[in-house]
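Start counting the sequence shown at 1; every next residue gets the next number (UniProt numbering).
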Amino acid sequence: MNSIVIETERIFLREWFKEDFHYFKPIATNPKVMKYIGTGEIWSDERIQGFIDKNITLYKQYGFCMWALIYKETQNFIGFCGLSPLNPHEVEIGWWLSPEYWGNGLATEAAFAVMSYGFEHLNLPRIVSIAQPPNQRSIRVMEKLGMHFEKMSTDYHGIEVVYYALDIEKAMGKTLVSDPHQLDDTEL
């Protein structure tokens with residue numbers, strides 16, 4: 001069975017496997033990656049395994065999750081990008097990349113493909129994204145996706161975040177990013 005769910009020119013997103021623990025651990029324990037995730041603490045082995053298990057279950061249950069992100073050229077596991085229930089009424093798009101892959105548009109490329117998948121294949125009416133205010137790289141990705149700022153919130157575990165969203169009507173009424181490769185070098 002093919003585990004690839006979404007494919008673009010440079011990456012593919014696939015289901016998680018238990019064996020991905022060893023590929024994901026260096027990312028989830030990297031202080032540069034974790035700086036704007038929750039309280040900024042690196043994750044324990046148990047939390048890493050719990051995240052993988054949760055995404056395996058989410059995909060089986062809903063047909064979406066934070067998919068494992070693979071760089072085609074090297075076949076390296078470089079992070080994740082996907083969809084996850086943020087609360088009972090909203091689905092969040094999110095991404096983490098290994099720092100050596102920052103700055104070349106891969107997060108935008110992956111997020112664009114995931115956003116399109118969410119609207120076109122899953123018929124989601126709305127997709128949201130959150131980031132801590134200093135995380136300007138992620139906020140810029142949200143803006144390139146056509147998402148708009150809605151509010152500041154501390155509803156996310158008491159941590160202040162910016163809250164961006166895009167409704168299907170607005171997404172289908174305009175192109176999200178016509179060519180994700182035409183991005184400047186500051187993109188994730």
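Even for Gly, the Cβ is constructed at its ideal location relative to N, Cα and C. What you are looking at is a predicted structure, and each value in this text was computed from that prediction instead of being measured.
Decide if TYR163 is buried, meaning its Cβ has at least 16 other Cβ atoms within 10 Å, or exposed. Numbered from 1 along the sequence shown, position 163 holds the residue referred to as residue 163. Classification of TYR163: buried, given that the 10 Å Cβ count is 16 or more.
Cutoff 6 angstroms; reference PRO133; Cβ partners in own chain excluding five residues on either side: The residue you call residue 133 lines up with position 133 of the sequence shown. The answer, listed in chain order, is VAL162.
Closer than 8 angstroms is the cut-off here; do at least three beta carbon pairs connect the segment 114-134 with the segment 71-87? yes
Going by DSSP, what residue range makes up the beta strand (DSSP E) through THR154? Taking the sequence shown and counting its residues from 1, the one referred to as residue 154 is at position 154. Taken as a continuous stretch (DSSP letters only), the beta strand (DSSP E) holding THR154 covers 148-156.
C-alpha distance - GLY118 paired with ILE139, whole-angstrom precision: Walking along the sequence shown from the start, residue 118 turns up at place 118. Walking along the sequence shown from the start, residue 139 turns up at place 139. Distance between the alpha carbons of GLY118 and ILE139 is about 19 angstroms.
Would you give the residue range spanned by the alpha helix (DSSP H) that ARG140 belongs to? Here residue 140 is taken as the residue at index 140 of the sequence shown, counted from 1. First-last of the alpha helix (DSSP H) with ARG140: 136-144.
Go through the UniProt domain "N-acetyltransferase" (11-169) residue by residue and report every complete run of the beta strand (DSSP E) that reaches 3 residues or more, in order. 11-14, 66-71, 76-87, 90-97, 126-131, 148-156, 159-167
Report all residues from its chain with a CB closer than 6 angstroms to the CB of ILE4; omit the five preceding and five following residues, and keep chain order. For the purposes of this step, residue 4 is taken as the residue at position 4 of the sequence shown. Excluding residues within five positions, the ones whose Cβ falls inside 6 angstroms are PHE12, ARG14.
Answer with buried or exposed for SER153, where buried requires no fewer than 16 other C-beta atoms within 10 angstroms of its C-beta. Residue numbering aside, residue 153 sits at position 153 when the sequence shown is read from its first letter. Per the 10 Å Cβ criterion, exposed.
With respect to the beta strand (DSSP E) encompassing GLU7, which residues constitute its N-terminal and C-terminal limits? As a first step, residue 7 must be located in the sequence shown, where it is residue number 7. Start and end: 4-7.
Can you say whether residue 192 is buried or exposed, counting buried as having 16 or more other CB atoms within 10 angstroms of its CB? Since the displayed the chain opens at 1 and closes at 188, residue 192 lies outside it and no answer follows.
Nearest by alpha-carbon distance to HIS157: which of THR39, GLU90, ASN30, GLY146 is it? Taking the first residue of the sequence shown as position 1, residue 157 is located at position 157. The shortest C-alpha separation from HIS157 is found at THR39.
Determine the direct distance from the alpha carbon of ALA113 to that of THR8, and round the result to whole angstroms. Along the sequence shown, read from residue 1 onward, the residue named residue 8 stands at position 8. Along the sequence shown, read from residue 1 onward, the residue named residue 113 stands at position 113. About 7 angstroms.
Closest by CA to ALA165, which one among GLU100, GLY146, THR108? Against the sequence shown, residue 165 aligns to sequence position 165. When each option's Cα is compared against that of ALA165, the closest is GLY146.
Pull up the distance between the alpha-carbon of LYS151 and that of PRO88, whole angstroms please. For the purposes of this step, residue 151 is taken as residue 151 along the sequence shown, with counting starting at 1. For the purposes of this step, residue 88 is taken as residue 88 along the sequence shown, with counting starting at 1. Looking at the two C-alpha atoms, the distance is approximately 19 angstroms.
With burial defined as no fewer than 16 other Cβ atoms inside 10 Å of the residue's Cβ, what is the status of GLY94: buried or exposed? Here residue 94 refers to the residue found at position 94 of the sequence shown. By the neighbour-count rule (16 or more Cβ atoms within 10 Å), GLY94 is buried.
Let's test the definition: count the other Cβ atoms within 10 Å of the Cβ of ASN55 and tell me whether it reaches 16, buried, or not, exposed. In the sequence shown, counting from the first residue as 1, residue 55 sits at position 55. By the 10 Å Cβ count, ASN55 comes out buried.
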